[in-house]
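Student: Structure provided below as structure tokens; questions to follow.
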Amino acid sequence: MNLILLGPPGAGKGTQARRLEDTRGLVQLSTGDMLRAMVAEGGPLGQQAKEIMAAGKLMPDALMVEIIGERISKPDVANGFILDGFPRTVAQAEALDAMLAEKGLKLNHVIEMRVVDAVLVERVTGRYTCAKCGKGYHDSFEKPKVEGVCDSCGGTEFKRRADDNAETVTTRLGQYHQQTAPILPYYEARGVLKTVDGMADIDEVTRQIEAILA
């Protein structure tokens, strides 16, 4: 089963992808992780990607699709994949479909995690993690049982991501809506687009996704 999870930063794509990895044996494919791995491997594609990144240029669509194609050919992706962060444009979506068709594959579902922007800004700007073990917390929704002490490891130092601030999140939301708006009708026309309530609690979002996949 091959999926795309669509949603802005903070919508919970990573959390749901990890659950699908555990329950269905799918592999989450983050474009950033794939690029770093490809560069580390040092093959022809990795060398190309390294030179482009070193020059500060955007990765060409054709190369990104080729990298995805090589990654999904590996044995650990036999059960299927979850794409996160790609495609972002209709041209990328078309190139991805063409590559999958060449391999005799297809996208089974494209799942949009729909959120309310104002609520998402609050959700993201309140996030912080334990500096020692990485467990996530939130100012409003998930505080440690004992203030200032991590539930998991007892650590007392916490950190916030520098880009988890209202201005940055609002900018990223704008970019997401601008980029993603054209992709939704593209996938809707192909009958693979489904929408879940990204504002629901984590277990309810999982239930909605599982209902789509059933």
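Counted from 1, the sequence shown has number 280 at position 174 by the working numbering; the numbering is strictly sequential. Idealized CB from N, CA, C, for every residue including glycine.
Comparing C-alpha positions only, which one of Phe192, Ser179, Lys241 and Leu141 sits nearest to Glu218?
Tutor: Phe192
Student: Could you tell me which residues DSSP pairs with Thr277 in its beta bridges?
Tutor: According to DSSP, Thr277 bridges with nothing at all.
Student: Per DSSP, Met219 is paired with what?
Tutor: Val302
Student: Please list the terminal residues of the continuous beta strand (DSSP E) segment that includes Gly175.
Tutor: Where Gly175 is concerned, there is no enclosing beta strand (DSSP E), although the alpha helix (DSSP H) it sits in stretches over Asp167 to Ile178.
Student: The beta strand (DSSP E) that contains Gly242, what's its start and end?
Tutor: Gly242 to His244
Student: What are the boundary residues of the beta strand (DSSP E) that Thr235 is part of?
Tutor: Arg233 to Cys236
Student: Taking all protein chains shown into account, decide if Lys212 is buried (16 or more other Cβ within 10 angstroms of its Cβ) or exposed.
Tutor: exposed
Student: Go ahead and label Pro71 buried or exposed: buried means 16 or more other beta carbons lie within 10 angstroms of its beta carbon, across all protein chains shown.
Tutor: In the structure displayed, the chain extends from 107 to 320; residue 71 sits before or after that span and is not available.
Student: Apart from the five residues just before and just after Glu263, which ones in its own chain have a Cβ nearer than 6 Å to its Cβ?
Tutor: Ala237
Student: Apart from the five residues on each side of it in sequence, which residues of its chain come closer than 7 Å, Cβ to Cβ, to Ala197?
Tutor: The answer, listed in chain order, is Asp167.
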